[in-house]
Amino acid sequence: MKKQIYKWIFFRLMGWKIVGTIDPDIKKCVMMIMPHTSAHDFYLGIFTRGITGLEMNFVGKKELFTFPLGWYFKYMGGEPLDRSGGMNKVDSIAAIFSRRETFRLAVAPEGTRNKVEQLKTGFYYIALKANVPIVPVAFNFGKKEVNLGAPLMPTGNIEEDLIILKKHFEGVEGKIPEKGFKE
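In our numbering, the protein residues as written are 150 to 332.
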């Protein structure tokens, strides 16, 4: 029933569509979500998750996962990030991948909703360290489409891999276009 409500709101009321699919057999991946220009991106992610039926996750500092909202963040796919013991963020998140059977990590490489000149590369190194593919996901407000791209297994050559991944986002327009990443 909940899935039907998501579909009705997303497709009929909002007029959006989902283009492409994510293979449900890909249980672990880093989802490269761009452009991230508005808080509206959050509910697009929630609708996409609800419609596809795929568990999608995010990480947050462990302090967020305490009373009173900790249960809600976990319910929404959140995973507390514990960086005690001197682990850096990449190693900490890679450790989450190793202990979870299913973990599809949603990451906005811009790192902010503000205009950036360069993407943060942590998402790439997380995928490389965890040995999982990167799935590009574009929120295209210009066409009212969520575009799900083909997975790319990182090779270790970040420059070449980013060229391939960035092609998925060519011509994509964020909610606030002037804040979108452009090369």
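Using N, Cα and C, we set each Cβ at its ideal position, and we do this for glycine too.
Inset, instruction - Just confirm the distance between the C-beta atoms of residue 166 and residue 199, as a whole number of angstroms; I'd bet it's less than 8 Å. - result: The Cβ separation is near 15 Å, so there is no contact.
Legend entry - residue 283 versus 292, 317, 291, 289, residue with shortest Cα-Cα distance: 317
Legend entry - Inside the segment 152-213 only - alpha helix (DSSP H) runs reaching at least 4 residues: Counting only runs of 4 or more residues that sit fully inside the segment 152-213, the alpha helix (DSSP H) segments are 189-201, in chain order.
Inset, instruction - For residue 231, count neighbouring C-beta atoms within 10 Å of its own C-beta (all shown protein chains included) and say buried if the count is 16 or more, exposed if not. - result: exposed
Legend entry - Cβ pair count under 8 Å reaching 3, the segment 286-294 against the segment 218-235: no
Inset, instruction - Note the first and the last residue of the continuous alpha helix (DSSP H) segment covering residue 219. - result: 219-224
Inset, instruction - Count the C-beta pairs between the segment 250-257 and the segment 200-215 that are closer than 8 Å, then say yes if the count reaches three, no if not. - result: They touch, by the three-pair rule.
Legend entry - Distance, residue 273 Cα to residue 309 Cα: 12 Å
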